[in-house]
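Peer 1:
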Amino acid sequence: MHQDNQPRVLLIDDLRVPGDEKNGKNIPVHAVVARTFQEGLTKLAEQNWDVLYLDHDLADFSGEEGRERKGIHVLDWLEEHPQHLPGQIIIVSDNASGVQLMRRVVNKLYGRGF
């Protein structure tokens, strides 16, 4: 928790806006926003987060040979750096297959069944 008793919330998403009720994701207005894969990793490493809202499709083509860096790659990084694992991860993607894939990794990260 932050000093003002609000949870520390990070949103890694290329489009969504915290507090925007139209997106239906209930992302708190006080969430810190990272728009790219690298910006997200930097913020995850800077401090401990209570909640991470994570999108699958980040529209970030900074990967090797211009490959897209996605939310699943953020989860891969968290597997390699468990000291930066937030208290909770909420997937906010509308990509059904991406959500399925990410849920499996999130369950693994938190020691829940597959």
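Residue numbers (the numbering used here): 1 to 114. Glycine included, each C-beta is placed from N, C-alpha and C at the ideal position. What you are looking at is a predicted structure, and each value in this text was computed from that prediction instead of being measured.
So who's on the other strand from arginine 69, going by DSSP bridges?
Peer 2: Asp60.
Peer 1: Relative to the C-alpha of leucine 85, which candidate in Asn5, Asp94, Val92 and Val74 has its C-alpha closest?
Peer 2: Comparing Cα-Cα distances from leucine 85 to each of Asn5, Asp94, Val92 and Val74, the minimum goes to Val74.
Peer 1: Given this structure, state the Cα-to-Cα distance separating arginine 103 from asparagine 5, to the nearest angstrom.
Peer 2: Taking the straight line joining both Cα atoms gives about 28 Å.
Peer 1: Threshold first: 4 residues or longer. Then list the alpha helix (DSSP H) segments lying entirely within the stretch 72-111, N to C.
Peer 2: The stretch 72-111 contains these whole alpha helix (DSSP H) runs: 96-109.
Peer 1: What ranges does the beta strand (DSSP E) occupy inside the stretch 7-51, keeping only unbroken runs of at least 3 residues that lie completely in it?
Peer 2: Entirely contained in the stretch 7-51, the beta strand (DSSP E) runs reaching 3 residues are, in chain order, 9-12 and 32-34.
Peer 1: Can you find the residues in the same chain that come closer than 8 Å, C-beta to C-beta, to phenylalanine 114, ignoring five residues on each side of it along the sequence?
Peer 2: The predicted position of phenylalanine 114 is uncertain, since its pLDDT is 49 and thus under 50; a value taken from the coordinates is nonetheless stated next. Excluding sequence neighbours, phenylalanine 114 sits near Arg104, Asn107 and Lys108.
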